[in-house]
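Number of protein chains: 2
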Amino acid sequence: MSRFLDKRLSSLKAYIPGEQPKLGEFIKLNTNEFPYPPAKCVFESASKAVENMNLYSDLTCKELKERFKDVFGYGGNNVIFTNGSDDALYLCFLTFCGEDCGAAFADITYGFYSVYADLCCVDKQIIPLNDVFAINHADYFGLNKTIFIANPNAPTGKRLSNNQIEEILINNRDNIVVIDEAYTAFSGESCVELLPKYDNLVIVGTFSKSRGMAGARLGYIITSEDIASDLEKVKFSINPYNVNSLTQAVGTTVLENNDYYVECINEICKTRDKFSEELVKLGFDVIPSKANFVFAKHNSISGKYIFEELKKRKILIRRFDKERIDEYLRISIGTPEQMQIVINALAEIVGGIK
Amino acid sequence: MSRFLDKRLSSLKAYIPGEQPKLGEFIKLNTNEFPYPPAKCVFESASKAVENMNLYSDLTCKELKERFKDVFGYGGNNVIFTNGSDDALYLCFLTFCGEDCGAAFADITYGFYSVYADLCCVDKQIIPLNDVFAINHADYFGLNKTIFIANPNAPTGKRLSNNQIEEILINNRDNIVVIDEAYTAFSGESCVELLPKYDNLVIVGTFSKSRGMAGARLGYIITSEDIASDLEKVKFSINPYNVNSLTQAVGTTVLENNDYYVECINEICKTRDKFSEELVKLGFDVIPSKANFVFAKHNSISGKYIFEELKKRKILIRRFDKERIDEYLRISIGTPEQMQIVINALAEIVGGIK
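Those protein sequence lines, which keep their order, are chains L and Y. Be aware that the first sequence starts at 565, since it is given in our numbering, and climbs by one per residue. Be aware that the second sequence starts at 565, since it is given in our numbering, and climbs by one per residue.
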């Protein structure tokens, strides 16, 4: 720490991202990345975008927005693109939390909510998941806070129904409810259908998990025009060119090839369900997942041990050294071949102990 | 404005970027972009980066940092990369300004400093340039503020010498001095040589102006390891993956081809000096520029009129509707051919009035 750091940040703890080991060394199942190659024309689109990269990127993301509307049903003044969805979540904290309005979120959820609350110096109300790691949606009624819910939740993979979200919206008419749909593509459902009815709903999403663009960074916000205009003002006060032109080009092409990605998503869901069954056979308690990962613990062997044994075998998964979930392992869903290797390794580890 | 916007932001005025018209319609000399094509291998490097864009980008920007060190002499724990240099400047405001330490900068300088001060709710001390639009460096002694100086300054193109910067550093031992070197490549000099002597110096730079990457967004900070660790903590609390993998790949290749860019920079400086001479012949007062633009006003014809006449002729330059400088025009330096077209148009406009 330097002697110049502003006082209010002196105790700030940054988010700790999953490890990013050198490629090729590991089967990397620790950050919920998309396991398939990009659609073929994406290569050309990136290379073509280099031609004009000397010019500032399109502030309005016009083309990207048009293709986005084709796929997601919203565009125009309802959509804002961001440098990954972390950028979108930060914008929401900055714009809608403050001295008068803190933030509320679950005890076990995406770790960045707490970091943003601290960074923005806003009061946080942390609401425990219930005994089976579910969000009790009634806990979120009438909080007078800006609410952040990952749906499906991470790292549990559990999902609130749209009816439950609607009840949260109804019971927080004067506060923003941010639904973070990073993993929603793997749940077969989005709460976007609620947008026309509720002016307090903000949906955040990402191209990282279901569109294979974690490295290219593309996030989005879908909301009412009024809320979007507030968010855009703040975005234009931080970094108007936050989405670079290569990412815009690549994102546009990805959306043009949506069928390919939907096929991959279906494949990932199938692999997830089969992998979950195999885990159960090996003695794991598996939380039924609506995301591209599973969250599971073994009924007799410690999470830390399994994590380390997998790492020795060059398989990287995620474990959170955090109360309530430190016995659990979060395993991203890769290709069927990768998951078979994991199952074989786990059988060996579990068998070795027994 | 929605009813949810946090109170402290209700009067915030966002930065207004230069227009980004559709390509091909205009000779675009309004946002100081690089007028030459990228080095040839950059195309391949972008396309190759798409292969792994399903994986999160390298948080440490390892390869980029190594090539950066080859060119700029600093790497390792002294350098932080950002999503354009706006992102870098915002990080500096967030990390080193606060309730106890406001920000100080010139009245006529990069417009974002004032926006960031307002966004971060910090006190701002605005210091007028002198009569000939120069920074009087002694005005910055002992301010007890975090100081932001664009050097060369925008939109004037004037530069403080390294001796003058050193005096500012000496006279603000307990405060950070941020030197924004966005345009320094066109001045033949950087204050990076002062880094080993002063632990309060922060240098911000960009690949937008001199490396043709405005659209790809790559900024950087060079500073002491202590200060860099503070900035990195805040960066990791906002958006650890702020520099996407396509930009990292492209930036690495750009640095590998540094000779080409240095050649282009020299060409731009030559064009700038010749263009300035031509402007003088047409009756303009031209501030001698150390950047890739000139700032000039005509001795009898209004800036607004010339701006509009150029726009009619599909030449886009920048004019700021701001006290003291509203008669001035800021014209980016393009290729020799583009600048000849501008001179011809100006001759016509000036001749038409006379």
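For glycine and all other residues, C-beta sits at the position ideal for the given N, C-alpha and C.
Could you give the DSSP three-state label for residue i: helix, strand or coil?
i: Val768(Y); result: strand
i: Asp703(Y); result: helix
i: Asp837(Y); result: helix
i: Ser866(L); result: coil
i: Asp744(L); result: strand
i: Val643(Y); result: strand
i: Phe750(Y); result: helix
i: Lys592(Y); result: strand
i: Glu827(L); result: helix
i: Cys755(L); result: helix
i: Arg572(L); result: helix
i: Gly815(Y); result: helix
i: Glu627(Y); result: helix
i: Asp738(Y); result: coil
i: Ala603(Y); result: coil
i: Leu619(Y); result: coil
i: Ala613(Y); result: helix
i: Glu608(Y); result: helix
i: Ile832(L); result: helix
i: Ser649(L); result: helix
i: Asp807(L); result: First, the residue type needs correcting, since residue 807(L) is Val and not Asp in the sequence shown. In the structure shown, Val807(L) sits in coil (DSSP, three-state: anything other than H, G, I, E or B).
i: Asp634(L); result: helix
i: Pro581(Y); result: coil
Going by CA-CA distance only, name the one from the options that's closest to residue i.
i: Thr595(L); options: Arg737(L), Cys685(L), Arg894(L); result: Arg894(L)
i: Thr710(Y); options: Cys684(Y), Ala667(Y), Lys688(Y); result: Ala667(Y)
i: His701(Y); options: Asp695(Y), Ile729(Y), Thr659(Y), Gly915(Y); result: Ile729(Y)
i: Ile865(Y); options: Leu653(Y), Ala911(Y), Ile672(Y), Cys828(Y); result: Ala911(Y)
i: Ala652(L); options: Glu745(L), Asp890(L), Asp671(L); result: Glu745(L)
i: Leu655(Y); options: Leu874(Y), Ile791(Y), Ala855(Y), Glu757(Y); result: Ile791(Y)
i: Ala670(L); options: Lys861(L), Phe598(L), Lys722(L), Val756(L); result: Lys722(L)
i: Lys861(Y); options: Val679(Y), Gly815(Y), Ile881(Y); result: Ile881(Y)
i: Tyr680(L); options: Tyr579(L), Phe750(L), Asp738(L), Asp634(L); result: Tyr579(L)
i: Tyr825(Y); options: Gly639(Y), Glu663(Y), Lys773(Y); result: Lys773(Y)
i: Glu583(L); options: Lys875(L), Arg888(L), Tyr892(L); result: Lys875(L)
i: Val858(L); options: Glu842(L), Leu758(L), Glu872(L); result: Glu842(L)
i: Ser751(Y); options: Lys854(Y), Asp622(Y), Lys612(Y); result: Lys854(Y)
i: Gly915(L); options: Asn727(L), Gly847(L), Tyr892(L); result: Gly847(L)
i: Leu810(L); options: Asn727(Y), Val614(Y), Glu589(Y); result: Val614(Y)
i: Val756(L); options: Phe800(L), Gly648(L), Thr787(L), Pro716(L); result: Thr787(L)
i: Ile870(L); options: Ser896(L), Pro900(L), Tyr892(L); result: Tyr892(L)
i: Phe660(L); options: Asp837(L), Asn642(L), Cys685(L), Leu724(L); result: Cys685(L)
i: Leu683(Y); options: Phe657(Y), Val643(Y), Ala698(Y); result: Phe657(Y)
i: Asp664(L); options: Pro602(L), Ile832(L), Phe771(L), Asn708(L); result: Asn708(L)
i: Thr720(Y); options: Asp837(Y), Val844(Y), Ile672(Y), Ala778(Y); result: Ile672(Y)
i: Gly637(Y); options: Asp763(Y), Ser754(Y), Leu782(Y), Phe884(Y); result: Ser754(Y)
i: Asn764(L); options: Asp738(L), Cys605(L), Arg572(L); result: Asp738(L)
i: Leu576(L); options: Ile802(Y), Glu887(Y), Ile879(Y), Ser649(Y); result: Ile802(Y)
i: Ser649(L); options: Asn616(L), Phe771(L), Asp849(L); result: Phe771(L)
i: Arg877(Y); options: Arg567(Y), Phe590(Y), Thr899(Y); result: Phe590(Y)
i: Ala610(L); options: Leu693(L), Phe712(L), Asn808(L); result: Asn808(L)
i: Ile734(Y); options: Leu758(Y), Asn715(Y), Glu887(Y); result: Leu758(Y)
i: Gly815(L); options: Phe607(L), Lys797(L), Asn727(L); result: Phe607(L)
Tell me whether residue i, by its Cβ, gets closer than 7 Å to a heavy atom of the ligand NAP.
i: Tyr784(L); result: The model depicted lacks the ligand NAP and carries no ligand whatsoever.
Under the assumption that residue i contacts residue j (Cβ atoms under 8 Å), give the Cβ distance between them as a whole number of angstroms.
i: Ile903(L); j: Asp794(Y); result: Correcting the residue identity first, residue 903(L) is Met in this sequence and not Ile. Met903(L) to Asp794(Y), Cβ: 42 Å. No contact.
i: Phe632(Y); j: Leu819(Y); result: 6 Å
i: Thr646(Y); j: Ile785(Y); result: 7 Å
i: Ile740(Y); j: Leu724(Y); result: Contact doesn't hold; Cβ gap of about 17 Å is too wide.
i: Ala704(L); j: Ile690(L); result: The residue asked about is misnamed: residue 704(L) is Tyr in this sequence, not Ala. Not quite, the Cβ-Cβ distance comes to about 12 Å (not below 8 Å), so this is no contact.
i: Asn830(Y); j: Ile897(Y); result: Rounded, the Cβ-Cβ distance is 12 Å, inconsistent with contact.
i: Ile889(L); j: Val906(L); result: Going by Cβ atoms, the distance from Ile889(L) to Val906(L) rounds to 20 Å, so no, they are not a contact pair.
i: Tyr805(L); j: Ser621(L); result: 5 Å
i: Met617(Y); j: Gly769(L); result: 17 Å between Cβ atoms; not a contact.
Inset, instruction - Tell me the start and end of each unbroken beta strand (DSSP E) in the segment 838–915 of chain Y that is at least 3 residues and wholly inside, in chain order. - result: Considered as a whole, the segment 838–915 of chain Y harbours 848–851, 857–862, 893–896 as its complete beta strand (DSSP E) runs of no fewer than 3 residues, in chain order.
Inset, instruction - Report the residues of the segment 582–615 of chain Y with a CB closer than 9 Å to any CB of chain L, ordered along the chain. - result: Listed by position, the residues of the segment 582–615 of chain Y near chain L (Cβ gap below 9 Å) are Gly582, Gln584, Leu587, Lys592, Thr595, Glu597, Phe598, Pro599, Tyr600, Pro601, Pro602, Val606, Phe607, Glu608, Ser609, Ala610, Ser611, Lys612, Ala613, Val614, Glu615.
Legend entry - Short-range partners of chain Y found in the segment 620–633 of chain L, where Cβ spacing is below 9 Å: For the segment 620–633 of chain L, the residues whose beta carbon sits under 9 Å from a beta carbon of chain Y are, in order, Tyr620, Ser621, Asp622, Leu623, Thr624.
Inset, instruction - For the segment 800–814 of chain Y, enumerate the residues whose C-beta is nearer than 9 Å to any C-beta of chain L, in chain order. - result: Cβ proximity to chain L below 9 Å picks out Phe800, Ser801, Ile802, Asn803, Pro804, Tyr805, Asn806, Val807, Asn808, Ser809, Leu810, Thr811, Gln812, Val814 from the segment 800–814 of chain Y.
Inset, instruction - With a floor of 3 residues, list each beta strand (DSSP E) that falls wholly inside the segment 653–731 of chain L, ordered by position along the chain. - result: With a minimum length of 3 residues, the continuous beta strand (DSSP E) runs that stay inside the segment 653–731 of chain L are 667–670, 688–691, 710–714.
Legend entry - Cβ-based contacts, 7 Å cut-off: residues of the segment 645–661 of chain Y near chain L: Against chain L - using a Cβ distance shorter than 7 Å - the residues of the segment 645–661 of chain Y are Asn647, Gly648, Asp650, Asp651, Tyr654, Thr659, Phe660, Cys661.
Legend entry - Continuous alpha helix (DSSP H) assignments of at least 4 residues falling wholly in the segment 779–803 of chain Y: Segments of the alpha helix (DSSP H) lying fully in the segment 779–803 of chain Y: 789–802.
Legend entry - the segment 748–759 of chain L: positions lying closer than 8 Å to chain Y by Cβ: Going along the segment 748–759 of chain L in chain order, one finds no residue with a Cβ nearer than 8 Å to chain Y.
Inset, instruction - Residues of the segment 665–689 of chain L with a CB closer than 8 Å to any CB of chain Y: list them in chain order, please. - result: So the list reads Cys665, Val679, Tyr680, Asp682, Leu683, given in the order they occur along the chain.
Legend entry - Under 8 Å (Cβ pairs) to chain Y, residues found in the segment 894–916 of chain L: Close to chain Y, meaning a Cβ-Cβ distance shorter than 8 Å, is no residue of the segment 894–916 of chain L at all.
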